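Student:
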Amino acid sequence: MDTPVLELTLSGLSKLLDDKLANVATKEDVQTLKSDIEFLKRENNSLKKEISSLKKEKEVIDRKLYDLECNTRSNNLIFCHIPLTRETSLKNIIKDFCVEFLGTSSGIWVNRAYPLNKTKSIILAQFPNNDDIKEILSKVSRLRGTGYYVHQD
Numbered sequence: 001m002d003t004p005v006l007e008l009t010l011s012g013l014s015k016l017l018d019d020k021l022a023n024v025a026t027k028e029d030v031q032t033l034k035s036d037i038e039f040l041k042r043e044n045n046s047l048k049k050e051i052s053s054l055k056k057e058k059e060v061i062d063r064k065l066y067d068l069e070c071n072t073r074s075n076n077l078i079f080c081h082i083p084l085t086r087e088t089s090l091k092n093i094i095k096d097f098c099v100e101f102l103g104t105s106s107g108i109w110v111n112r113a114y115p116l117n118k119t120k121s122i123i124l125a126q127f128p129n130n131d132d133i134k135e136i137l138s139k140v141s142r143l144r145g146t147g148y149y150v151h152q153d
């Protein structure tokens, strides 16, 4: 009688052990995980190097962009509280203002002019010729007390 009970108990224990050990990682499973971890480490290091390289590249591009922006803005002057007439373009208004109020030569070249606010009381004007900019800025002191202002962008 002990034998059938013992066999039943042994088979039950064997089945129970098999069920429990089925979820335990094998040596192969551990080896696969180690391999996967090593791959992920290499990939992570590679991505870190790529990120570092991209950061350096971004810094170079940012510097170039800053230089280009400064170069472009160096040709801009901002005119404040300039009287506007409806018939004339902003380019002509700026040119006439410079001749009339600053005493510049009539040959100054205003490449572009556009308002910076809705009331058009602040106008940004681009002058391609640096000599024109120097002439205008050298005569800005004539605007003292008029309420008009001119400064670089």
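Start counting the sequence shown at 1; every next residue gets the next number (full-length UniProt numbering).
Built from N, CA and C at the ideal position, the CB exists for glycine as well.
Keep in mind it's a predicted model, so treat the numbers as computed, not measured.
What is the residue span of the beta strand (DSSP E) that Arg112 lies within?
Tutor: The residue you call residue 112 lines up with position 112 of the sequence shown. First-last of the beta strand (DSSP E) with Arg112: Arg112 to Pro115.
Student: Within 6 Å: the Cβ of Asn75 and any heavy atom of the ligand ADP?
Tutor: Although the ligand ADP was asked about, the structure shown includes no ligands whatsoever.
Student: Give the straight-line distance between the Cα atoms of Leu102 and Glu50, rounded to the nearest whole angstrom.
Tutor: As a position in the sequence shown, residue 102 is number 102, starting the count at 1. As a position in the sequence shown, residue 50 is number 50, starting the count at 1. Taking the straight line from one Cα to the other gives about 55 Å.
Student: Under a Cβ-count criterion, where at least 16 other Cβ atoms within 10 Å of its own Cβ denotes burial, should Thr9 be classed as buried or exposed?
Tutor: Residue numbering aside, residue 9 sits at position 9 when the sequence shown is read from its first letter. Thr9 should be labelled exposed.
Student: What does a CB cutoff of less than 6 Å around Arg112 pick up in its chain, not counting 5 residues either side in sequence?
Tutor: What you label residue 112 is simply residue 112 of the sequence shown in a count that begins at 1. Correct list, in chain order: Gln126.
Student: For Gly107, decide whether its Cβ has a neighbour in chain D, counting only Cβ atoms nearer than 7 Å.
Tutor: The chain labelled as chain D is not found in the depicted structure, where only one protein chain is given.
Student: Which two residues bound the contiguous alpha helix (DSSP H) that contains Val60?
Tutor: Translated into positions along the sequence shown, residue 60 becomes position 60. Unbroken alpha helix (DSSP H) run through Val60: Lys27 to Arg73.
Student: Verify whether the separation of the beta carbon atoms of Asp153 and Asn45 is less than 7 Å.
Tutor: The residue given as residue 153 occupies position 153 in the sequence shown. The residue given as residue 45 occupies position 45 in the sequence shown. Taking 7 Å as the Cβ cut-off, Asp153 and Asn45 do not qualify as a contacting pair.
Student: What does the alpha-carbon distance come out to for the pair Thr72 and Lys41?
Tutor: As a position in the sequence shown, residue 72 is number 72, starting the count at 1. As a position in the sequence shown, residue 41 is number 41, starting the count at 1. Cα to Cα, Thr72 sits roughly 46 Å from Lys41.
Student: In the DSSP assignment, find the alpha helix (DSSP H) that holds Asn130 and state where it starts and stops.
Tutor: Your numbering for residue 130 matches position 130 in the sequence shown. Residues Asn130 to Ser138.
Student: Short of 8 Å in beta carbon distance, which residues of its chain neighbour Pro128, apart from the five on each side in sequence? Order them along the chain.
Tutor: Against the sequence shown, residue 128 aligns to sequence position 128. Asn75, Trp109 and Asn111, listed in sequence order.
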